[in-house]
Structure formats: structure tokens, C-alpha cells
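Structure, as C-alpha cells:
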Amino acid sequence: MMIFPVFITIAYPIYALFSEKNRRINTVKTIIWVVVFSIIYGKHFIAGHHKRAIADDIVAQIFKYKDKNGEYPESLDSIGITTGSDLKSTFHYSYYANRDPQPLLFYRGEFSGFSFFHYNFDKKIWVRHDI
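For reference, each letter of the sequence shown is one residue, going 16 to 146 in our numbering.
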């Protein structure tokens, strides 16, 4: 999904870098583009790993609650994550317990506003969905 914008963003500065006209200014522009792109990508990459680590902790708490009580919690409030907490409002985690046979836990992906991850409680894996 991001391949075309990345190609355009990188292709033109490379073309401009090797053109004879204004080589110095094109070199500076190319360096700025690479640095800015690296910072933005790095921020999202690190934030995505941070979200996943927190989501894995939530899953561990859900399984701990299930082992203790024999059923999945009704809400994240049952495991100590309150509705107004920074965890739910900042990272947009959502949990629905009244789904048969398993609950639904999901959060929004970091690189695209149109993707999300949900946890498959049977297979114990995260599944990515692109809308």
C-alpha cells in the first residue's frame, strides 16, 4: 500500500541527485528527504512494537483472568484497565467479551489508518486486517 508513495518520494531525489543541473542543492534536498523519511518510519516502527508489547501484556492478563475465574473477563475494566486510562485512549485498544466462543481484542495498526490487528484466542496469534 505504501510502495507507490515511497517509490515517488525516493525516485525523484535520486534522479535529481544525478542530474548535472543544481547538483549541490539536489544533494542537500536528497539528504533532507532521507533523514525525514527515516525519522517518520522509525517513529512508527518503534510505536508499533510498543503497541504490540502492551497488547501482549493485555492478552496475558486476559488469560490470567480466565485461568483464575474459568471465563473471559466481561471488559478490560475487570482486569484493571479502566475506561478513561491512557492505555485505552492513547492506543485505541478495544475488547468485546460477549462473542461466542471467544472474545474480540483489537487495536489500530501504526502504519495505516485503515488496518488493525485482532487477537485470535484459539490460535494465540495476532492477525492483521487491511480495510
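Built from N, CA and C at the ideal position, the CB exists for glycine as well.
Values in this document were obtained by computation on a predicted structure and should not be read as measured data.
Rounded to the nearest angstrom, how far is the Cβ of residue 80 from that of residue 94, given a contact under 8 Å? Contact flag correct, Cβ pair sits at about 5 Å.
Start and end of the alpha helix (DSSP H) containing residue 147? The first residue shown for the chain is 16 and the last is 146, placing residue 147 beyond what the model contains.
Just checking my contact of residue 63 with residue 126 at CB under 8 Å: how many whole Å lie between their CB atoms? Indeed, because the Cβ distance is near 7 Å, the residues count as touching under 8 Å.
Return the chain-ordered list of same chain residues with a C-beta closer than 6 Å to the C-beta of residue 148, the five sequence neighbours on each side being excluded. Summary: the structure shown does not reach residue 148, with the chain confined to residues 16 through 146, and so no result is reported for it.
Close beta carbons around residue 59, own chain, < 7 Å, minus the five adjacent residues each side: Only 125 and 126 meet the Cβ criterion.
Buried or exposed: which applies to residue 16, given that a residue is buried once 16 or more other Cβ atoms fall within 10 Å of its Cβ? Reliability fails at residue 16, whose pLDDT of 49 lies under 50, so the model's placement of it is uncertain and the value that follows must be treated cautiously. It is exposed - the Cβ of residue 16 has fewer than 16 other Cβ atoms within 10 Å.
Mind reading off the beta-carbon distance from residue 137 to residue 117? Whole number of angstroms is fine, and I expect it under 8 Å. That belief holds up - the Cβ atoms of residue 137 and residue 117 are roughly 6 Å apart, short of 8 Å.
DSSP state of residue 137 mapped onto helix, strand, coil: Residue 137 carries a coil assignment under DSSP once its states are collapsed to helix, strand and coil.
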